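Undergrad: So that we are looking at the same thing, I have put the structure below in structure tokens.
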Amino acid sequence: IPDELSCSTNLGCVDFYPIMSGKRNVCDYLLRKFFGDHDEAMSLKSHALCLCDDDNDVEMALACRKAYIPSITSESMQKLASENRDMIVTENVEEGKVESLATDAALEMILYDN
Numbered sequence: 003i004p005d006e007l008s009c010s011t012n013l014g015c016v017d018f019y020p021i022m023s024g025k026r027n028v029c030d031y032l033l034r035k036f037f038g039d040h041d042e043a044m045s046l047k048s049h050a051l052c053l054c055d056d057d058n059d060v061e062m063a064l065a066c067r068k069a070y071i072p073s074i075t076s077e078s079m080q081k082l083a084s085e086n087r088d089m090i091v092t093e094n095v096e097e098g099k100v101e102s103l104a105t106d107a108a109l110e111m112i113l114y115d116n
């Protein structure tokens with residue numbers, strides 16, 4: 003692909019987009035917009051948390067300090083979550099934390115994250 007484009011996989015399809023767009027870049031932009039460019043210690047890896055659920059979220063999830071996954075939507079997300087301790091799956095069928103309740107659990111964990 004041309005240097006000015008990037009790509010990611012989403013639901014089995016490949017998405018192409020300008021290199022400056024994408025979820026990770028949006029998160030980085032928001033961090034800089036609200037906290038300023040002047041603080042070099044401020045980074046996604048040290049200050050950002052995210053919710054994610056699919057392959058097109060991987061770049062963003064890996065860039066953030068923690069990624070909360072309300073449910074596993076693919077084998078690749080299952081593999082990624084099992085290999086990364088900073089990716090937390092909140093779905094728990096035995097406890098009834100599925101669908102929107104798993105999302106609520108993820109949001110609650112984010113609110114109380116230190």
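Taking this note's numbering, the leading residue of the sequence shown gets 3, the next gets one more, and so forth.
Beta carbons: idealized from backbone N, C-alpha and C, even for Gly.
Computed from a predicted structure; not experimentally measured.
Could you tell me whether the Cβ atoms of N58 and D17 are closer together than 8 Å?
TA: Going by C-beta atoms, N58 is nearer than 8 Å to D17.
Undergrad: Thinking just about the alpha-carbon of each residue, which of N27, E96, I21 and L103 is nearest to the one in I71?
TA: Measuring from the Cα of I71, the nearest candidate turns out to be L103.
Undergrad: Identify, in the order they occur along the chain, each residue of the same chain with its Cβ nearer than 6 Å to the Cβ of K68, setting aside the five sequence neighbours on each side.
TA: L51 and D88
Undergrad: By alpha-carbon positions, which one of M111, I74 and S45 ends up nearest to A65?
TA: When the alpha-carbon of A65 is set against those of M111, I74 and S45, the nearest one is in S45.
Undergrad: Can you tell me the Cα-Cα spacing of T75 and I3, whole angstroms?
TA: So the two alpha carbons sit approximately 27 Å from each other.
Undergrad: Do you know whose CA, among E61, L13, C15 and T11, lies nearest L27's CA?
TA: Sequence inspection shows Asn at residue 27; the Leu mentioned does not correspond to that position. It is E61 whose Cα lies nearest to the Cα of N27.
Undergrad: Going by DSSP, what residues sit across from F37 in a beta bridge?
TA: F37 pairs with nothing; no bridge assigned.
Undergrad: Mind checking M2: buried by the 16 CB within 10 Å criterion, or exposed?
TA: No answer is possible for residue 2: the residues shown for the chain start at 3 and end at 116.
Undergrad: Indicate whether V95 and A83 have their beta-carbon atoms separated by less than 8 Å.
TA: No, these two residues do not count as a Cβ contact at 8 Å.
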